[in-house]
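According to our numbering, the residues represented by the sequence shown are 746 to 1003, in order.
Every residue, glycine too, gets a C-beta built ideally from N, C-alpha and C.
Note that the structure is a prediction, hence the values are computed from the model and not measured.
Written below as structure tokens is the structure these notes are about.
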Amino acid sequence: MSQFVHVASTTDIPDPGKLLVEVDGEMIALFHVDKSFYAIDDVCTHDGGPLVDGELKDYTIACPRHGAKFDIRTGAALSMPAIRPTLAHDVKVEDGAISVRLREAGSGPSGNPSSPTPQRATTASVLPTQAADKPETIASPDEKTPTESLTSTTLSEDIVRELLKQVKDPELFVNIIDLGLIYNVSFSPASENPKQHVSIDMTMTSPACPAGPQLIADTKRAVNTHEAVEDVEVRIVMEPPWTPDRMTDDGRDQLGIF
Ligand code: FES
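This is the structure we're talking about:
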């Protein structure tokens, strides 16, 4: 385990206040709240934003990039789009001198050893298999199942968006429509009428989203199930950048955001 390193004096930070310090080559956000000091990595686990530049409110720091919130006492991620904690470190105050000792990833945040590091899901979006596409109940010939009603009517943006609700973010388990990742859907006629080429503008919650290739593949697969689709093009656009307010109310409910 690393040693305590002197980083500042207690008079260097107002109460409440924050300060960026360096410990063993790592950038650490140091906080002073209600006469106590706390230290966490100055790294937002969503996409690496610097936390110390964010708004500090009580024991919560908000990432200035997309608004994820972290508990400065434990490093716990409190709100989307971050779902993993950032590392919390040990702080010691002696004779007005503040020292920080870095903790290792996986050793648990200070004061909250039971807080786990969430694991990335190993499987990506959940798409129905061919067999699962088949209705489980027997419908009368005049009665369309929900799946049939999506694949046997004229293609429209609403139908494409409905199909895309089958594609789920593998980390958040919320579909990409409710996450607000789909910016635009457009059509152009294919040579084999009445089929259509479908173009989809899609964003990611962060430019380095590791689930990107899987989400693109699942998006194409979901839309290709419609009989009027010739092919599907997915363009990744990062402008305007995604923010949590693009989510639907359903998406917010699923993630417990109010
Ligand atoms: S980088 Fe912090 S919320 Fe996106």
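Taking every protein chain shown into account, the CB of residue 982 has fewer than 16 other CB atoms within 10 angstroms, so this residue is exposed. With at least 16 other beta carbons inside 10 angstroms of its own, residue 971 counts as buried. Counting along the chain, no beta strand (DSSP E) covers residue 953, and no H or E run does either.
By the criterion of a C-beta distance shorter than 6 Å, residue 809 is surrounded in its chain by 798 and 799, once the five residues flanking it on both sides are discounted.
For the pair residue 760 and residue 779, the CB atoms are nearer than the 8 Å cut-off. With a threshold of 7 Å, the Cβ atom of residue 915 does not count as near ligand 1, since no heavy atom of the ligand is closer than that. Short of 6 Å from the beta carbon of residue 949, and not among the five residues preceding or following it, lie these beta carbons of its own chain, in chain order: 957. Ordered by chain, the residues meeting the criterion of a beta-carbon within less than 7 Å of a non-hydrogen atom of ligand 1 are 789, 791, 792, 793, 794, 808, 810, 811, 812, 813, 826, 827 and 951. Listed in chain order, the alpha helix (DSSP H) elements of length 4 or more contained wholly in the segment 773-805 amount to none. Of all alpha-carbon atoms in 926, 846 and 939, the one lying nearest the alpha-carbon of residue 771 is that of 846. Of the candidates 769, 820, 995 and 749, the residue whose Cα lies closest to the Cα of residue 910 is 995. The criterion of a C-beta distance shorter than 8 Å is satisfied by residue 908 and residue 967.
Straight across, the Cα-Cα distance linking residue 812 with residue 792 is about 11 Å. DSSP places residue 770 in the coil class of the three-state scheme, outside both helix and strand. The beta carbon of residue 768 sits closer than 7 Å to the beta carbons of 750, 752, 845 and 847 from its chain, once the five residues preceding and following it are set aside; these are given in chain order. Under DSSP, residue 910 takes part in no beta bridge, so it has no partner. Setting aside the 5 residues that flank it on each side, residue 747 is surrounded in the same chain by 769, 846 and 847, each with a C-beta closer than 7 Å to its C-beta; the list follows chain order. By the Cβ neighbour-count rule, residue 841 is exposed, with fewer than 16 other Cβ atoms within 10 Å of its own.
Residue 843 places its beta carbon less than 8 Å from that of residue 755.
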